[in-house]
Structure formats: C-alpha cells, structure tokens
Amino acid sequence: MSEPTPPHVVVLGGGSAGWITASLLHRRWGERGGRVTVVEDPATGIIGVGEGSTPQLKALFDYLGIAERDWMVRCDATYKLGIRFTGWSERPGFESYFHPFPGPVDLHSEPAFLRNCALARRAFDVACLPDRFFLSARLAELGRSPHPSENFPFAPSYGYHFDAYKLGAFLKEWGAARGIEHVAAKVTGVPLDQDGNVAALLCDDGRRLDGDIFVDCSGFRAIIAEGALGARYRSFDDNLFNDRAVVLPGPRPQDFRPQTESVAMSAGWRWSIPLTGRTGNGYVYSSRHISDEDAERELREATGLRDPAAEARFLKMRVGRLETSWTANCLAAGLSQGFIEPLEATALHIVIATATEFADAYEEGGFSAKYRDRFNDQIAERYDAIRDYIVAHYRLNQRSDGSYWRENAENSKLSDRLKAMMTAWFTHKDIGAANVELYPVQAYSSASWHCLFAGYGSFPPQEKFVTCPPQAQPAEMSRLDAMMKACTINFPSAGIGGPAD
Ligand SMILES: Cc1cc2nc3c(=O)[nH]c(=O)nc-3n(C[C@H](O)[C@H](O)[C@H](O)COP(=O)(O)OP(=O)(O)OC[C@H]3O[C@@H](n4cnc5c(N)ncnc54)[C@H](O)[C@@H]3O)c2cc1C
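For the sequence shown, the numbering used here assigns the number 8 to the initial residue and increments by one for each residue that follows.
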C-alpha cells in the first residue's frame, strides 16, 4: 500500500499533552512535508500538574534527539527510579515498599524475588519486600544517579520529575525552532463537514484553522472529541474513588532521593516529588470522604507547610476514558482522552503511546476503519489494564482505619480480569502466566504485580495456605545484598537535577 501523504495536523491545546503530541508527530512527518499547528488559549492556561513520568518520557526525548543536558536544567528536572509507597499497609515489615523501573541487573535478582514470593504465599518466613531485590530501589535509597560509570554497562530504566509548565514551554520553543506553527487564540467553534469529520477550528480572533487531522488536547474540556464529535465517555468512578486534588509546593528537598513518594492519607494519598527548585506536593482524595478544607489541613500537617501565605490550589479530576480515542479525523490525547488517576504517573506515558500508535496506524491505513478500530481497541485495553493495576493498590490496602480504606478494601466492583488476577495470587497460580493471559498488552510486568501484592504483605489467608512446600529454595539474601552493594558502587550521587550537577 502506498504511504499516505503526510498530513497537516492541528493540535488544540498547549499543555503537556499538546506539546508532546505535536513534537512527536512533527518529528515523524515534518521532514516528509507534514505540518503541525498548535492552537492554545493563553487565558485558559494549562492544568500545571503532572510532574512525574515513566521511562517512556526518556524514550520520547531520545526519539526527538533532545539530550538531558539540554532539557533537564531548563525544566528543573530530576531523575526518577521508581515510586515508594508508604503507609498503605499496617502489616509489620510492610509499612513501605518501592516499585522500581526495571533494569538489566534485575534479570539476575528478579527470579529470586519471584521464588521468595512463591514461598511467602505458602507461609514461609522469607524476605519478600521488593526493596532488597531491585537495584533501582537500592540506588534510590542511596540518592544515586541512574547513570553508572563507564566500566559498568548495566543502567536501569528511569523516568523523570519535572516542572510541567517549564516542560511545555521548553517543547514549545523547541518545536517553534523546527517549524511547528503556534497560534495563540481561543477556539470557539468546531464545524463538521457532511461526512461528520472536523472541517476546521474557528478562533475568537476570526481565524479559521484547516487541517487533515485534529488532535484534541484541550484537557478535561474535551472540546472536539466529546463536545463536537460526541465521543462517549466511560467513567471509572465506581472503582476509583478519588475525584479531587489539593496542590501545595514546598521548598527544595534537603535529603534528595530520585523517587516519587506516595504516602497514604486518611482519604487518599499524597505525592512528594523532588524538583531542583522545589518539592511538588499534592493530596489526591475522595470528596465523598473528606472536605477540601480538611484535605488541605491534613496535607499541611503532613508536609509541615503551615504558612497560609503559601496558597493551596484545588483541582477536580474526572476519572475514566473515551470509548474511542480516535473518532472521525480527530485523535484525543491527554486529559481529553481519559485520566485514570496519578498514582502510577501514567498519564503522559499514555499520551506518548497514543501519538506513536496513532502515527503507526495512520501510516498503515490512513483513515480506514480497520486500522482505526484496532488502534482504539489497543488504547482502550491499555487504559483498562493500567486502571486495574491502580485499583489493585486500593483493593489490597492493608489499613484498618477509616471508611475510605475500608470501602476500598471491600470494593466488589472490580473487573473480571482483576478478580482473576487476585484469585491467581491467592491460590498460588503462576502470576506471570496469568498476566500474559489476562493482560496481553502487558501494561505491568509480572514483577510489578509481585511487587504490589508482596509489597503490601498481602498473602493468602492462613486457612488457604498450601502446606506442601514448592521445590524452590529461598534466595540467599546475604549473597544478594553483597551483589547489590557491589553494583551500587558504580553509580555516582544523583546530586539534584541530573547532568548539570
Ligand atoms: C492531581 C493530578 C496529578 C497528576 N500527576 C501526573 C503525573 O505525575 N504524571 C503524569 O504523567 N500525569 C499526571 N497528571 C496528568 C497530567 O497533568 C496531564 O496528563 C498533563 O498535564 C496533560 O494535560 P493536558 O495537556 O491534557 O491538559 P491541560 O494541561 O489542561 O491543557 C489544556 C490545553 O487546552 C487549551 N484549551 C482549552 N480550551 C481551549 C480553547 N477553547 N481554545 C484554545 N485552547 C484551549 C488550554 O489553554 C491548554 O493549553 C496529573 C493530573 C492531575 C489532575
């Protein structure tokens, strides 16, 4: 099939999703004659949160050919080796665990982790907190950079923390220098043609923006996808109770660790994200379980940020996804497309996957229904798989206090697949095989599922323990500790802010 002519893409929205999508599609099609225009209303502004990423953001910068030394300093960015979950379990020894991004050294230690988890599921008293088995956890604890010395070619995967406003500004400048057109105007009309495609975007200054593909990155407003095209929305709120966040920046971190912290609170959890110039703090909570005032008070107490001059910002969140991310000639990306909740910092990860997979599908089949449907199924599958993993955090919490945590632990509205995954864990089945069967998209690895279950100390109840021991021998922890220690020596201090320090 001959390749379709590179399109003119018009992106509505200049938040992180808008600029990431614009940069990626321009990189893909710009040199072949494709055009990208971004229109944004400066008066509306961006949501300005979303400061943690997965390794997918590194892959994006590598694809764009932007070096860390060129963007990290400009965006107050730091490295992120994973997420530390604290206070989600009251079980002694499981009060806190680290969910790492994987790396090559883990290929050696992960089998030992899985073996010990299998034994712990059978009531053997063995080490099974992820922290001791994954190099990233050790490096984060020691405040080390993910870049090893030259004689140690085993770098772990990593993501970043960054200032969302500065990231958008950086990509805008980068894109403008490479030919992405920028229009500062409010979009007030989205006329459709007779086939139901978007014909153009009409701006409040009288401009009309024509294009072949329109990307809706207008945030929770979803102006094109839902507003003009009527794409249907599927809410996740029966499974994910959090619908608000309060945000409160704090001073630059003193004791720097390249990790996001997720600490359980009375009606949700709070994040702590180390940037070079400040600490990003926020409390994601359920308005059914706590008022805005009490959430702010709890966040201030937890962070010590009691000075009322430091103003808190409140955000409403809508959790769910569009049934189809690609409708007619419109792709939705970012908050307009869907939002799970920020616990695993996956939103920009999905934006990058969406733009990449859309470009693949468009190159293969243009606007043909076959490729569009396949793309929509893949993206929906990715959302639902990530949602299940996040729901599992709440369902498996091991806290005894308060209606919020009790209701989460008793939630029976789980998807069939998540129920099957939990059954597999509690009945000693092979989690790797269950993950492949239940979640072919592999949004989370078998190791990640083990981290979640074992990290909370969530094991089969006593009466369901299988008495006959498996053949596996427990890991030799002293040898593993020694190996990890030897590895960490090869990684310098992360300082604060990566390559500039
Ligand atoms: C509490 C919270 C924490 C989060 N944490 C993370 C995280 O750690 N990691 C992560 O990956 N994601 C996180 N996210 C999600 C992340 O913030 C978003 O995915 C990301 O910022 C992208 O937002 P966006 O670009 O879709 O929308 P926005 O930032 O809201 O941008 C919308 C854009 O549309 C423009 N616009 C709107 N209407 C019009 C109009 N009529 N005309 C012209 N322009 C218009 C606006 O001007 C703006 O430029 C978090 C979200 C929340 C709520």
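All residues carry an ideal CB built from backbone N, CA and C; glycine is no exception.
All figures in this text were calculated on a predicted structure; none of them were measured in a lab.
Residue i (DSSP reduced to helix, strand or coil)
i	result
residue 189	strand
residue 181	helix
residue 510	Residue 510 is absent from the model: the chain starts at 8 and stops at 508.
residue 12	coil
residue 261	coil
residue 56	coil
residue 452	coil
residue 373	coil
residue 297	coil
residue 216	strand
residue 133	coil
residue 314	coil
residue 222	strand
residue 346	strand
residue 143	helix
residue 410	helix
residue 17	strand
residue 507	For residue 507, the predicted model reports a pLDDT of 44, less than 50, meaning its position is unreliable and no value from the coordinates is stated.
residue 460	helix
residue 500	strand
residue 228	helix
residue 81	coil
residue 246	coil
residue 361	helix
Where the alpha helix (DSSP H) containing residue i begins and where it ends
i	result
residue 272	Premise fails: residue 272 lies in the beta strand (DSSP E), 267–272, not in any alpha helix (DSSP H).
residue 393	376–402
residue 436	That residue, residue 436, is in no alpha helix (DSSP H); it is neither H nor E in DSSP.
residue 31	23–36
residue 490	484–495
residue 116	113–127
residue 62	62–71
Strand pairing of residue i, partner residues [DSSP]
i	result
residue 326	DSSP output for residue 326 lists no bridge partner at all.
residue 241	328
residue 277	270 and 290
residue 210	194
residue 107	89
residue 352	Paired residue(s): none; residue 352 is not in a bridge.
residue 333	338
residue 205	199
residue 405	96
residue 1	Examination of residue 1 is not possible in this model, given that the chain is present from 8 through 508 alone.
residue 151	500
residue 285	258
Option in the options with minimal Cα separation from residue i
i	options	result
residue 31	377, 364, 489 and 414	364
residue 286	85, 326, 128 and 343	85
residue 78	173, 51 and 459	173
residue 41	331, 233, 228 and 220	220
residue 289	267, 283, 296 and 295	267
residue 164	223, 148, 383 and 107	107
residue 265	124, 35, 483 and 88	88
residue 415	57, 74, 71 and 96	96
residue 46	19, 56 and 344	19
residue 123	480, 497, 346 and 355	480
residue 218	129, 355 and 12	12
residue 259	434, 90, 316 and 284	284
residue 253	216, 448, 54 and 336	54
residue 404	374, 463 and 437	463
residue 510	43, 102 and 233	Residue 510 is absent from the model: the chain starts at 8 and stops at 508.
residue 149	198, 262 and 419	262
residue 450	270, 433, 399 and 392	392
residue 200	71, 140, 336 and 105	336
residue 205	236, 195 and 212	236
residue 34	482, 395 and 362	362
residue 382	119, 495, 74 and 366	366
residue 93	426, 423, 400 and 453	400
Terminal residues of the beta strand (DSSP E) in which residue i lies
i	result
residue 169	No beta strand (DSSP E) contains residue 169, which DSSP labels as neither H nor E.
residue 420	Segment: none, residue 420 is in no beta strand (DSSP E) and carries neither H nor E.
residue 337	337–339
residue 47	42–47
residue 251	251–254
Minimum Cβ-Cβ distance from residue i to chain D less than 8 Å
i	result
residue 105	Of the protein chains in the structure, only one exists, and it is not chain D.
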